[in-house]
Amino acid sequence: MTIAVLAVAAVVLQQLPQQHGEVSFPTQDGGVVYADVYGEGDLGVVLAHGGRFTKESWSAQAPALADTGFHVVVIDFRGRGRSRGGPESTAGDGGERFDVLAAVRYLRETGASSVSVLGASFGGWAAALAAIEAPGEIDRLVLLAHSPIDDPERLPGRILFITSLNDTTARGIPRLVEIREQYQRAPDPKELVVLEGAAHAQFIFETDEGERLLHEIIRFLSQP
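In the numbering used here, the protein residues as written are 170 to 393.
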């Protein structure tokens with residue numbers, strides 16, 4: 170079964186559908202988020218990029234998810250591209266959680282009956298804050314080497330934690346130590362997947378573990 174899913178993931182990455190287009194929607198603090206939309210259907214997924222990136226960084230994974238049946242919204246966080254925060258927004262205030270929630274609500278309004286969020290690094294931190302901010306709005310979280318949050322005990326829904334075995338922070342601390350602690354403190358249902366190598370978050374897609382990473386994401390999001 171695993172080999173079959175990996176094979177599908179590899180084929181999907183080689184046969185990417187065309188992007189549907191760009192949309193924008195308001196945030197609850199008066200900002201606006203610009204996003205790319207792929208696919209359609211009642212299973213929605215928001216992709217939230219890491220701190221170094223923009224929405225274009227998901228240009229391979231977003232179509233791959235759409236080709237497996239997901240309605241995908243790929244956001245630019247405030248301060249990236251044309252997205253911006255509200256008039257009272259300041260750097261470091263956690264307002265990015267409102268960007269995630271705006272995308273979640275856009276998917277609900279356009280027909281999604283279930284919405285998941287895949288957040289990488291900084292984007293995972295924002296996704297986790299969004300889930301805590303609005304319990305019940307996000308059904309599943311994929312936290313890809315996310316920046317830790319203060320209170321993982323409050324995370325709702327089903328959660329998949331993913332990191333590389335030898336990934337380290339700028340201070341040289343193994344991220345697995347931090348993420349394992351977050352995993353242990355989070356409520357069930359939850360999973361932890363540790364990949365080989367030292368690549369961080371979205372950079373894993375560029376390594377030999379990239380296909381396995383996509384497989385794990387599709388597997389988790391597709392579970393009944």
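Using N, Cα and C, we set each Cβ at its ideal position, and we do this for glycine too.
Straight across, the Cα-Cα distance linking Glu360 with Ser316 is about 17 Å. Here the C-alpha atom of Ile342 lies approximately 13 Å from the C-alpha atom of His369. Every alpha helix (DSSP H) stretch that sits fully inside the stretch 256-303 and reaches 4 residues is listed by chain position as 265-278, 291-302. The C-alpha of Ala231 lies about 21 Å from the C-alpha of Pro393.
A straight line joining the alpha-carbon of Asp236 with that of Leu324 spans about 29 Å.
Gly213 counts as buried, since no fewer than 16 other beta carbons sit within 10 angstroms of its beta carbon. Under DSSP, Tyr207 forms a beta bridge with Val241. Between the alpha carbons of Pro195 and Asp357 lies a gap of roughly 32 Å. The alpha carbon of Glu225 has as its nearest neighbour, out of Ile387, Gln371, His384, the alpha carbon of Gln371.
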